[in-house]
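Visitor:
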Amino acid sequence: MSQKSYRMSEPELRSVEMLQGVVKTTSATLVLLTQTEIKVRVRGESKRWYEIYAVHQGQHAIFPHGDNGWNYTVNAGRREDDIVNANQYCAQLCLHANEQNLPIGDQIVSLILSLSNDIQTAMEIPLLAQFIVCTRQMLSNIMIFQDTMIVTEEMAEYGLDWLEEENDEEEMYHQNNEYEHQRMIDEMHCLEDFLELQEENDKALDAQREAIEEKKRKRDEQLTDFWNHVADKFHDNES
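Structural data, given as structure tokens:
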């Protein structure tokens with residue numbers, strides 16, 4: 059069956075309906091929905107942006123994520139424009155839904171929920187933590203975040219040459235891996251603390267604004283009462 063003639067099955071249609079419901083209750087935006095393509099954008103707790111793009115490539119797709127013929131990618135950036143334009147600051151995340159044989163809508167829902175809460179998810183997925191702590195300038199040289207490594211522009215440019223160096227450094231990588239993972243977790247905790255402090259500051263500012271508005275309202279009421287009293291007294295004198 060060609061991609062153009064493909065029609066979603068009943069389970070897939072039901073899963074897409076669930077996807078649409080989840081989109082309405084989260085920070086996600088459904089950008090594209092056809093019989094063979096789905097595109098969703100998500101803004102995480104960390105204020106980073108993610109774009110999930112799924113396409114049906116048939117049962118004989120080269121790299122399917124399950125037995126249903128669908129394949130998807132997850133692109134990420136610090137700004138929405140980065141993922142919309144797929145510019146040099148946009149990187150691909152090798153993330154996979156927990157149940158890859160579920161209908162495609164279910165898989166995308168799983169990704170939406172994980173990426174909406176990306177700070178918590180990053181505690182369990184190191185590659186997501188690596189992305190979150192990267193500056194925008196650092197992302198300009200990174201193509202793909204994988205479980206085992208980060209693929210940079212230089213790696214893609216020089217082909218297999220970098221693999222020899224990678225093998226030589228493998229032992230050192232394993233020695234440093236635990237330290238780097240702990241460092242990223244510490245940085246994630248710092249980021250989480252910062253966001254909590256920012257939220258508390260926002261609440262304090264809102265409370266101050268409400269107090270000022272309440273004070274202004276009472277002052278206006280007092281002025282209104284005063285002038286009403288003056289007007290009543292004037293009318294009493296007139297009579």
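Residue numbers (our numbering): 59 to 297.
From the three backbone atoms N, C-alpha and C, an ideal C-beta is built for every residue, glycine too.
1. On the DSSP letters alone, give me the boundaries of the alpha helix (DSSP H) that G79 sits inside.
2. Cα separation between A155 and E182?
3. For I147, which residues from the same chain have a beta carbon less than 6 Å from its beta carbon, with the 5 sequence-adjacent residues on both sides left out?
4. Using CA coordinates, which residue listed in R72, E68 and A86 is at the minimum distance from I170?
5. If you count every other CB in all the chains shown that lies within 10 Å of the CB of E70, and 16 or more means buried, which is it?
6. Under a three-way DSSP split, which group does I183 fall into?
7. According to DSSP, simplified to helix, strand and coil, what is T193?
8. In angstroms, rounded to a whole number, what distance separates the CA positions of D260 and R137?
9. Exposed or buried, H114, counting other C-beta atoms within 10 Å across all chains shown (16 or more means buried)?
10. Report the three-state DSSP secondary structure of M207 (helix, strand or coil).
11. Tell me K97's beta-bridge partners as DSSP assigns them.
12. Would you kindly work out how many angstroms separate the C-alpha atoms of M66 and Q93, rounded to a whole number?
13. Mind reading off the beta-carbon distance from L91 to I166? Whole number of angstroms is fine, and I expect it under 8 Å.
14. Suppose the cutoff is 6 Å on Cβ atoms and the five residues either side in sequence are ignored; what does the same chain contact list for L173 look like?
15. How many whole angstroms separate the CB atoms of C152 and F189, which I take to be in contact at a CB cut-off of 8 Å?
16. Going by the beta-carbon positions, is the gap between I305 and A149 smaller than 8 Å?
17. Let me know the secondary structure DSSP gives G135 once reduced to three states.
18. Identify the continuous alpha helix (DSSP H) that holds L173 and give its terminal residues.
19. For Y64, which residues from the same chain have a beta carbon less than 7 Å from its beta carbon, with the 5 sequence-adjacent residues on both sides left out?
20. Tell me whether the beta-carbon of S104 lies closer than 8 Å to the beta-carbon of P161.
21. Skipping 5 residues on each side, what residues in its chain have a beta carbon closer than 6 Å to that of A180?
Guide: Taking the definition as stated:
1. Residue numbering aside, residue 79 sits at position 21 when the sequence shown is read from its first letter. Run containing G79: E68 to T83, per the alpha helix (DSSP H) assignment.
2. On the sequence shown, position 97 is the one that residue 155 refers to. On the sequence shown, position 124 is the one that residue 182 refers to. Cα-Cα distance, rounded: 14 Å.
3. Within the sequence shown, numbered from 1, the residue matching residue 147 stands at position 89. Checking the sequence, you will find Tyr at residue 147 rather than Ile. G135, D140, R194, L197 and S198.
4. What you label residue 170 is simply residue 112 of the sequence shown in a count that begins at 1. For I170, the nearest C-alpha among the options comes from A86.
5. Taking the first residue of the sequence shown as 1, we reach residue 70 at position 12. Looking at its Cβ environment, which holds 16 or more other Cβ atoms inside 10 Å, E70 is buried.
6. Here the question's residue 183 lines up with position 125 in the sequence shown. Coil at I183, not helix or strand.
7. Here residue 193 is taken as the residue at index 135 of the sequence shown, counted from 1. Note: T193 maps to coil in three-state DSSP.
8. Taking the first residue of the sequence shown as position 1, residue 260 is located at position 202. Taking the first residue of the sequence shown as position 1, residue 137 is located at position 79. So the alpha carbons of these two residues sit roughly 22 Å apart.
9. Along the sequence shown, read from residue 1 onward, the residue named residue 114 stands at position 56. That one is buried.
10. Numbered from 1 along the sequence shown, position 149 holds the residue referred to as residue 207. Looking at M207 - three-state DSSP - the assignment turns out to be coil, as it is neither helix nor strand.
11. The sequence position of residue 97 within the sequence shown is 39, counting from 1. According to DSSP, K97 bridges with L90 and Y111.
12. If you number the sequence shown from 1, residue 66 lands on position 8. If you number the sequence shown from 1, residue 93 lands on position 35. Taking the straight line from one Cα to the other gives about 6 Å.
13. Looking up residue 91 in the sequence shown gives position 33. Looking up residue 166 in the sequence shown gives position 108. Going by Cβ atoms, the distance from L91 to I166 rounds to 10 Å, so no, they are not a contact pair.
14. As a first step, residue 173 is located in the sequence shown; it is residue number 115 there, counting from the start. Hits under 6 Å: V100, G102 and Y108.
15. In the sequence shown, counting from the first residue as 1, residue 152 sits at position 94. In the sequence shown, counting from the first residue as 1, residue 189 sits at position 131. With 8 Å as the limit, C152 and F189 do not qualify as a contact, their Cβ atoms being about 11 Å apart.
16. Not covered by the structure: residue 305. The range shown for the chain is 59 to 297.
17. In the sequence shown, the residue the question calls residue 135 occupies position 77. G135 falls in the strand class under three-state DSSP.
18. Position 115 of the sequence shown, counted from the first residue, corresponds to residue 173. I162 to S174 is the span of the alpha helix (DSSP H), which, as asked, contains L173.
19. Along the sequence shown, read from residue 1 onward, the residue named residue 64 stands at position 6. Same-chain partners within the cutoff: Q93, T94 and H114.
20. If you number the sequence shown from 1, residue 104 lands on position 46. If you number the sequence shown from 1, residue 161 lands on position 103. Contact flag unset, no.
21. One-based indexing of the sequence shown puts residue 180 at position 122. Closer than 6 Å at the Cβ level, and outside the excluded window around A180, lie L186, A187, I190 and M246.
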